[in-house]
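Below is one structure, written out as structure tokens; comments come after it.
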Amino acid sequence: MDNIQEEILVDMMKKLGMKKDDQLIRKSKEIRDIIAIKSSGMEATVNDSAKTIICLDISCELLNIAFDTALGIRLSSIRKSAYNKYRQLMMKLMKFNKTPNISDVVLKMRIQDENVQKTARKIFETFQKNSPHIDLDHPQYVQMSVYQACKIHKYKASKKDFRNGSNLNVTQWSQLETAWDKWVHCIESKEKVIKQTAENIALKSTEDHQPTLKRNHEIEEEAENYDVWAKRILDKAYEEMKKEKPKPSN
Numbered sequence: 005m006d007n008i009q010e011e012i013l014v015d016m017m018k019k020l021g022m023k024k025d026d027q028l029i030r031k032s033k034e035i036r037d038i039i040a041i042k043s044s045g046m047e048a049t050v051n052d053s054a055k056t057i058i059c060l061d062i063s064c065e066l067l068n069i070a071f072d073t074a075l076g077i078r079l080s081s082i083r084k085s086a087y088n089k090y091r092q093l094m095m096k097l098m099k100f101n102k103t104p105n106i107s108d109v110v111l112k113m114r115i116q117d118e119n120v121q122k123t124a125r126k127i128f129e130t131f132q133k134n135s136p137h138i139d140l141d142h143p144q145y146v147q148m149s150v151y152q153a154c155k156i157h158k159y160k161a162s163k164k165d166f167r168n169g170s171n172l173n174v175t176q177w178s179q180l181e182t183a184w185d186k187w188v189h190c191i192e193s194k195e196k197v198i199k200q201t202a203e204n205i206a207l208k209s210t211e212d213h214q215p216t217l218k219r220n221h222e223i224e225e226e227a228e229n230y231d232v233w234a235k236r237i238l239d240k241a242y243e244e245m246k247k248e249k250p251k252p253s254n
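Going left to right, the sequence shown walks through residues 5 to 254 as the working numbering numbers them.
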């Protein structure tokens, strides 16, 4: 980072209401220089003010220094969605990025219902088990798992906050939500079928136990078909999302 860029850094700290801190300046310069080397594409698409502010934002997080994110976004002259996207990219390039888990999202969203967390974990684990080809490092899957759990338990939560945490635009989030609505319904239907079958078995006498087991096998096969259908729905949705080009940020 040259002297001019350092001046921009110090000036931006003043605008953010931050006191001069040599350690913070060094860390921000270090991040800025590494990003310049690792991501030439971002260098060409993000203005200097935005890059400087995001470097300060990340540095403050690493050094446990308070940072006014709302003011930072305003001063960056880019949209909040673009700001979060580039921040995520910079964190990933610096290997500081940590994909949030279910507990992280529940805590951040201030969800008090333990049943929501339990259901979200179950949804995510089921998705993880049945989708080995998906990159689970992307935050969209954890965010959607918790969001779906909130819908199941009728727990009021901000869809916008979940979408922002997912790093998806509005259209991509809508496509993902539609696919997961069907898939989660599929899981619930399967569980209800198996539960009802188990109850039926418990009520049967010894004489007709064997026919019941046969019916149980047939119902479980039908439930398995739900999994095949759900996987197809999800795969189709992800293919459509890949084809869609994200809208340019102003």
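Each residue gets a CB set at the ideal place from its N, CA and C atoms; glycine is no exception.
Neighbour-count burial assignment, residue i, 16 or more Cβ in a 10 Å radius
i    : result
A74  : exposed
R219 : Bear in mind that a pLDDT of 46 at R219, under 50, signals an unreliable position, so the model cannot answer this.
Y118 : It is Glu, not Tyr, that sits at residue 118 in the sequence shown. With fewer than 16 Cβ atoms within 10 Å of its Cβ, E118 is classed as exposed.
K55  : buried
T123 : buried
S178 : exposed
I205 : Note that I205 scores a pLDDT of 47, beneath 50, so its modelled location is shaky; the value from the coordinates is reported in the next line. It counts as exposed.
I41  : exposed
E181 : buried
Q116 : exposed
G76  : buried
H213 : Interpretation of H213 is limited by its pLDDT of 43, a score under 50 that renders its predicted location unreliable; the figure taken from the coordinates is listed afterwards. Exposed, since its Cβ has fewer than 16 Cβ neighbours within 10 Å.
D61  : buried
A86  : buried
P143 : buried
A70  : exposed
E226 : Note that E226 scores a pLDDT of 45, beneath 50, so its modelled location is shaky; the value from the coordinates is reported in the next line. Looking at its Cβ environment, which holds fewer than 16 other Cβ atoms inside 10 Å, E226 is exposed.
I191 : buried
Distance between beta carbons of residue j and residue i, contact taken as under 8 Å
i    : j    : result
S80  : S63  : That belief does not hold up - the Cβ atoms of S80 and S63 are roughly 15 Å apart, past 8 Å.
E10  : K31  : That belief does not hold up - the Cβ atoms of E10 and K31 are roughly 13 Å apart, past 8 Å.
V146 : T103 : 7 Å
K133 : Y151 : Not confirmed; about 20 Å, so no contact.
L2   : D72  : Residue coverage of the chain in this structure runs from 5 to 254, which leaves residue 2 outside it and unanswerable.
CB contact flag (residue i, residue j, <8 Å)
i    : j    : result
I106 : F131 : no
L288 : Q27  : Lying before the first or after the last residue shown, residue 288 is absent from the chain, which here runs from 5 to 254.
I29  : L13  : yes
I171 : K89  : The question names Ile, yet the displayed sequence has Asn at residue 171. A contact, by the Cβ cut-off of 8 Å.
M113 : A153 : no
I3   : C59  : Only positions 5 to 254 of the chain appear in the structure, and residue 3 is not among them; the question remains open.
K24  : M17  : yes
Y159 : V120 : yes
- [ ] Report the residue ranges of all alpha helix (DSSP H) runs contained in full by the region 15–79; include only those spanning at least 4 residues, in chain order.
- [x] Taking only runs of at least 4 residues, the alpha helix (DSSP H) segments lying wholly in the region 15–79 are 26–42, 44–49, 52–66.
Task: Completely contained beta strand (DSSP E) runs for the region 89–166, where each covers 3 or more residues - done: none
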